[in-house]
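Working notes for the structure below.
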Amino acid sequence: MNTSKYPLISDQISRPALEVVLTELEAVLARGTAGAICEFGCYIGTTSLFIRRLIGDQKEFHAYDSFEGLPAKDAHDQSAAGIDFRAGELAVSKKQFLEQFRKANLRSPITHKAWFDDLTAQDVPDKIAFAFLDGDFYGSILTSLRLVWPRLSDGGSIAVDDYRRETLPGVERAITDFMQGKAYRLRYAHNIAIITKA
Ligand SMILES: C[S@@+](CC[C@H](N)C(=O)[O-])C[C@H]1O[C@@H](n2cnc3c(N)ncnc32)[C@H](O)[C@@H]1O
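Just so you know, we're using our numbering here: the sequence shown kicks off at 34 and counts up by one.
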């Protein structure tokens, strides 16, 4: 998908990375994959707006965030290069997030204000066609994978931001730990990992 027609409303994703995410989502839709679209870690909605532009009304779209910014790091996230990512950074309100959709004249997603660890099966769609995981830290990515993987439809994909990014080592560690022993494929470009069932 060519994204140049619309602005990026934050610096939380680059255009090449966004295009990797959207190209994968397009492929999932083209395969007619069953299930909803989810984003874990939506922040102000930079990627969420493009997801909505792409899917229109054809799929249910759920967005999740604490809307209180990042949680605390754990030992897996420690990196000399990543001292900037502190608890409470990236806090925007749910109202600010929803406002972006109003301004863009787009339908807002079903929006969940919660820490990922507090989400239960009732908060997540039964079937997921595509999920974008962008929670930055080990625990956030691990929890997102625990919620999404068992619900991922055949033909579905999970895109994870910040894969192999020096500043956020917990992302790759969470993927490696969670996917151990599971049948999956992983490829990546522009720090976006694409995980599919093998
Ligand atoms: C990098 S930003 C997301 C950027 C967004 N996906 C985009 O492309 O513009 C990370 C977001 O994840 C949220 N987050 C990280 N860990 C979380 C957790 N454990 N529970 C809830 N929200 C979390 C933060 O509040 C923050 O808004």
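Ideal Cβ positions, reconstructed from N, Cα and C, are used throughout, including at glycine.
| Item | Value |
| --- | --- |
| Straight-line Cα distance separating S190 from T66 | 10 Å |
| 7 Å Cβ shell around V125 - same chain, five flanking residues per side excluded | Y76, I77, F100 |
| Cβ pair count under 8 Å reaching 3, the stretch 78-85 against the stretch 34-44 | yes |
| Buried/exposed call for E52, threshold 16 Cβ in 10 Å | buried |
| I70 beta carbon near ligand 1 (any heavy atom closer than 7 Å) | no |
| Near ligand 3: W182 beta-carbon under 7 Å from a heavy atom | In terms of ligand content, the structure shown lacks ligand 3 and carries ligand 1 instead. |
| Assigned secondary structure, T56 (DSSP; H/G/I helix, E/B strand, else coil) | helix |
| Secondary structure, alpha helix (DSSP H): runs of 4+ residues fully inside the stretch 78-111 | 79-88 |
| Spatial neighbours of V181 in its chain, beta-carbon cut-off 8 Å, leaving aside the 5 residues before and after | C71, F73, V157, I161, A164, L166, I191 |
| Proximity test, T200 beta-carbon vs ligand 1 heavy atom, cut-off 7 Å | no |
| Buried versus exposed, by CB contacts within 10 Å (16 or more), I46 | buried |
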